[in-house]
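Asks:
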Amino acid sequence: MSDDIKIRPATREDVPQLFKLVQGLAEYVKETHLLKATEADLLRDGFGPEPRFKAIVADDGDGTLLGNVIYSANYSTWIGRSVCYIDDFFVSEAARGKGLGKRLMAAVAAEAVAAGHGRIALSVLHWNPAREVYHRLGFEHEEEWLRYSVSGEALRNLAAAAD
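What the sequence shown shows, in the UniProt record's numbering, is residues 1 to 163, in sequence order.
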């Protein structure tokens with residue numbers, strides 16, 4: 001991999017390309033119908049006065065983004081520490097297999113350790129070959145846990161039931 005490729009925090013100026021990488025991930029996992037976020041959402045929520053997420057990107061040295069990791073913190077009462085949750089991890093097809101994913105994940109790990117997070121967590125589709133990458137990087141599959149979510153009308157109905 002070229003020495004010109006820099007792993008760095010994303011900036012406001014990266015948002016158009018960052019969004020293209022998000023779209024690339026949605027296409028890769030065949031879930032484009034679930035992608036509701038827009039460039040404006042990323043700009044507002046990641047680069048406004050109170051960012052809700054952080055992003056690290058791989059820049060080819062000429063300003064083209066080749067990959068990204070988007071993550072945020074939540075708190076685990078089980079470990080008594082915050083957890084770095086990775087929402088998006090994507091490396092463009094042309095840049096895969098060259099160690100770029102490891103460099104991106106290592107940068108997130110360095111930030112997680114510096115921030116005092118107790119672990120890094122992520123979700124991955126069962127068929128995604130990235131699972132092998134995660135295993136090589138030290139991630140463990142938590143077989144006993146299932147992920148659940150609520151959104152849309154079901155979320156609004158649940159909220160309406162609040163006292």
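All C-beta atoms, glycine included, are put in the ideal place defined by N, C-alpha and C.
According to DSSP, is residue 96 part of a helix, a strand, or is it coil?
Replies: Coil.
Asks: Which stretch, first to last residue, makes up the alpha helix (DSSP H) that contains residue 159?
Replies: 152-160
Asks: Just to confirm before moving on: does the CB-CB distance between residue 52 and residue 72 stay below 8 angstroms?
Replies: yes
Asks: Determine the direct distance from the alpha carbon of residue 37 to that of residue 156, and round the result to whole angstroms.
Replies: 19 angstroms
Asks: On the CB-based measure, 16 or more other CB atoms within 10 Å of its CB, does residue 134 come out buried or exposed?
Replies: buried
Asks: So, are the CB atoms of residue 98 and residue 59 less than 8 angstroms apart?
Replies: no
Asks: Under the DSSP definition of a beta bridge, which residues are partnered with residue 81?
Replies: Its beta-bridge partners are 76.
Asks: At the level of alpha carbons, what is the spacing between residue 120 and residue 112?
Replies: 7 angstroms
Asks: Taking 8 angstroms as the threshold, find out whether the stretch 85-94 comes into contact with the stretch 43-50 through three or more Cβ pairs.
Replies: With the cut-off at 8 angstroms, the stretch 85-94 and the stretch 43-50 do not touch.
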